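First up is the structure itself, then whatever we jot down about it.
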Amino acid sequence: MSHTVLPRTGPAPALRGRIGAGFSPVPHRYRLYLRADCPRSLRVAAALTVLGIEGSVATTVLGTGTGTGTETDTLVGTATGCGTEAAGYTALRLAYEAAGHHFDGTLTVPALVDTWSGRVVSDHTPDILDDLHFLAGHPAFRKAS
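Residues 1006 to 1150, numbered by this note's numbering, are exactly what the sequence shown covers, in order.
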């Protein structure tokens, strides 16, 4: 019996995982992908600093893309450039592909990635901010920072 893989006919599934519901709150497990000119990324970066967990959650700041400044900024041309910039885009693309089999959507930032599984946990800014508040209140993060 052979299996046929059919192309997806609908939109890509939403990446709305949550820390504490399937993803355990462990210091140094998560990485945030942000973009320097994205207002939502700036909110997430500010929350990391205010909450005092910037030493427990890794951050990769990507250069400017072709985002519109709307709810989430989209990134295209992911592997262009050189050095760590291209490596950051490539790592983010791989995390999106790990989150959804044959992910063919656009990359968006901010994105919270689980480094253990290599998957995107969420790319929904309000959920990411809530998760950061949850991590800041967790005893393991108070010791790790």
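Where is the CB? At the ideal position from N, CA and C, for every residue including glycine. Since the model is a prediction, treat every value here as computed from it, not as a measurement.
By how many angstroms is the C-alpha of V1126 removed from the C-alpha of L1179?
Here the chain comprises residues numbered 1006 to 1150, so residue 1179 is not present and cannot be evaluated.
Check each candidate in H1033, I1024 and L1037 and name the one with the smallest Cα separation from V1114.
L1037
Assuming the contact rule is C-beta atoms closer than 8 Å, L1053 and L1137 should be a hit. Round their C-beta distance to whole Å, please.
7 Å
How about S1046 and V1062: do their beta carbons lie closer than 9 Å?
no
Using CA atoms only, rank isn't needed, just tell me which of Y1035, V1031, A1103 and S1029 is closest to D1119.
Y1035
Would you mind stating whether P1030 and L1134 have Cβ atoms separated by less than 9 Å?
no
Could you give the residue range of the alpha helix (DSSP H) that holds V1055?
P1044 to L1056
Using CA atoms only, rank isn't needed, just tell me which of T1095, P1131, H1143 and S1122 is closest to T1111.
T1095
To which residues does DSSP link F1028 through a beta bridge?
I1024
Residue(s) in a DSSP beta bridge with V1066
L1039
Could you check which residue in A1091, F1028 and L1039 has the C-alpha nearest to that of D1128?
L1039
Where DSSP assigns a beta bridge to L1117, which residues make up the other side?
L1037 and S1127
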